[in-house]
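One structure is given below, encoded as structure tokens.
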Amino acid sequence: MAHPLPGVVDDLPDHRATGGNRAAQLRPGQAHPEALRQMTLTFDRLRKQYGQVVAIDDVTASFAPGLIHGVIGPNGAGKSTLINMTAGSYSVSAGSIALDGKRLDTLKKYQIANSGV
Numbered sequence: 015m016a017h018p019l020p021g022v023v024d025d026l027p028d029h030r031a032t033g034g035n036r037a038a039q040l041r042p043g044q045a046h047p048e049a050l051r052q053m054t055l056t057f058d059r060l061r062k063q064y065g066q067v068v069a070i071d072d073v074t075a076s077f078a079p080g081l082i083h084g085v086i087g088p089n090g091a092g093k094s095t096l097i098n099m100t101a102g103s104y105s106v107s108a109g110s111i112a113l114d115g116k117r118l119d120t121l122k123k124y125q126i127a128n129s130g131v
């Protein structure tokens, strides 16, 4: 079965069987470094709400590969919530998170981790 995100390896032989260098071998589900360099992380109208409390409201941003990005703000601004939603630790209340155009917010936490996030 193909992985839901492009550039992610689903099935590779064990590195010991091929005599290869462990550091140079990819494990099943691990993103290939070349694919990671070409993926853009996008938030589209992202919202996180806990009951009546809105932690993140209408965030739209795009993070291009090859650049260093930072998320800054005061305590309680939603920085950690944004990262936790991206990693799949927190659910998204509204909007979407995508990596190279493929939705992350619909994947399981381990699938997000295996995609290179």
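Residue 90 in our numbering sits at position 76 of the sequence shown, with consecutive numbering throughout.
Using N, Cα and C, we set each Cβ at its ideal position, and we do this for glycine too.
| Asked | Found |
| --- | --- |
| Touching by the beta-carbon criterion (3+ pairs, under 8 Å), the region 52-61 and the region 112-120 | yes |
| Best match in S107, I126, K116 and V131 for proximity to L65 [C-alpha to C-alpha] | Note on residue identity: the sequence assigns Gly, not Leu, to residue 65. That would be S107, whose Cα lies nearest to the Cα of G65. |
| Residue range of the beta strand (DSSP E) that includes T95 | T95 -> not in any beta strand (DSSP E); alpha helix (DSSP H) instead, spanning K93 to T100. |
| Local conformation of Y124 per DSSP, three classes | helix |
| Exposed unless 16 or more other CB atoms sit within 10 angstroms - verdict on S129 | buried |
| A101 versus K93: straight-line alpha-carbon distance, rounded | 13 Å |
| Minimum C-alpha distance to I86 - residue among D119, A78 and I97 | I97 |
| Exposure label - V131; buried when at least 16 CB within 10 Å | buried |
| Burial state of L81 (16 or more Cβ within 10 Å) | exposed |
| Three-way DSSP call (helix, strand, coil) for G109 in this model | strand |
| Beta-carbon proximity list for A69, same chain, < 6 Å, skipping 5 on both sides | K62, G92 and T95 |
| DSSP beta-bridge partners of D119 | None, per the DSSP bridge assignment. |
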